[in-house]
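So for the sequence shown, full-length UniProt numbering puts the first residue at 1; every next one is plus one.
Built from N, CA and C at the ideal position, the CB exists for glycine as well.
Bear in mind the structure is a predicted one, so any value in this text is a computation, not a measurement.
Data block below; observations after.
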Amino acid sequence: MDEHPLHHALVLKQFESVLINALVYGQPNNLREQLECASKPKTLPYFVKRTEEYMRAHAHEPLSIEQLAEHAGVSVRTLFAGFRDFCDTTPMAYLRNLRLEQVHLELSSQGHDVSVTDIAFKWGFAHLGRFAQEYKKRFGEAPSTTLRFRS
1 MDEHPLHHAL VLKQFESVLI NALVYGQPNN LREQLECASK PKTLPYFVKR TEEYMRAHAH
61 EPLSIEQLAE HAGVSVRTLF AGFRDFCDTT PMAYLRNLRL EQVHLELSSQ GHDVSVTDIA
121 FKWGFAHLGR FAQEYKKRFG EAPSTTLRFR S
């Protein structure tokens with residue numbers, strides 16, 4: 001049939017594109033991972049690196065998302081997008097993980113004369129129940145266990 005829509009160049013091109021996308025993204029193959037990796041740049045944007053460095057240096061201070069965005073020289077929305085796209089997390093979750101690492105280091109190296117509560121408060125964890133849950137999820141043990149059986 002000469003009047004069939006596939007005989008029109010625009011329709012044929014669209015059909016071809018849909019078919020290729022369906023095959024590449026709809027079926028298991030080794031090309032899909034390469035395409036997804038190629039679409040994401042490998043290097044972090046400057047504002048993400050700058051924010052990470054700032055958070056590492058100031059993790060012991062109260063930080064807000066607005067302060068982090070201002071320091072990075074971008075909007076809050078851009079900062080969130082950068083962390084989502086390049087770190088698979090949010091800026092505040094990244095900061096929380098940095099602080100959890102610091103708590104873990106202190107609990108591992110301190111003597112028995114310190115309390116988990118004092119160290120948690122020092123690193124900005126005000127809700128101790130949530131802190132203990134996050135700590136256990138991250139390190140596989142309760143904070144008190146780390147303090148008791150430090151290496």
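Q. With a Cβ-Cβ cutoff of 7 Å, do Val116 and Pro143 count as a contact?
A. Between Val116 and Pro143, the gap from beta carbon to beta carbon is short of 7 Å.
**Q.** Rounded distance between the beta-carbons of Arg84 and Thr90, thought under 8 Å
**A.** At roughly 7 Å, the Cβ-Cβ gap stays under 8 Å, so Thr90 and Arg84 are in contact.
(Q) Give me, in chain order, the residues of the same chain whose beta-carbon lies closer than 7 Å to that of Gly73; leave out the 5 immediate sequence neighbours on both sides. (A) Excluding sequence positions up to five before and after Gly73, its CB lies within less than 7 Å of the CB of Phe47, all in the same chain and listed in chain order.
Q | For Ala126, the nearest candidate out of Glu52, Pro62, Ser75 and Phe15 (CA to CA) | A | Nearest of Glu52, Pro62, Ser75 and Phe15 to Ala126, Cα basis: Pro62.
Q: Please report how far the alpha carbon of Ala22 lies from the alpha carbon of Ala9, in whole angstroms.
A: Ala22 and Ala9: Cα-Cα distance of roughly 20 Å.
Q: Take Ile65 as the anchor and find which of Met55, Val76 and Gln102 has the nearest alpha-carbon.
A: Ile65 has its Cα closest to that of Val76, out of Met55, Val76 and Gln102.
Q. Among Val103, Lys137 and Arg138, which residue has its Cα nearest to the Cα of Phe121?
A. It is Val103.
(Q) Quick check on Gly140: does DSSP put it in helix, strand or coil? (A) Here Gly140 sits in coil by DSSP.
Q) Can Arg99 and Gly129 be called in contact, C-beta distance under 7 Å? A) Contact flag unset, no.
Q. When burial is assigned at 16 or more other CB atoms within 10 Å of the CB, is Gly140 buried or exposed?
A. Gly140 is exposed by the Cβ-count criterion.
Q. Going by the beta-carbon positions, is the gap between Leu107 and Met55 smaller than 7 Å?
A. Not in contact: Leu107 and Met55 (Cβ atoms no closer than 7 Å).
Q: Determine the closest residue to Phe149 out of Glu53, Cys87 and Ser109, with distance taken between C-alpha atoms.
A: Comparing Cα positions, the closest option is Ser109.
Q: Out of Gln14, Glu101, Arg50 and Thr43, point me to the one whose CA is closest to Ala70's CA.
A: According to the sequence shown, residue 70 is Glu rather than Ala. The candidate whose alpha carbon is nearest that of Glu70 is Arg50.
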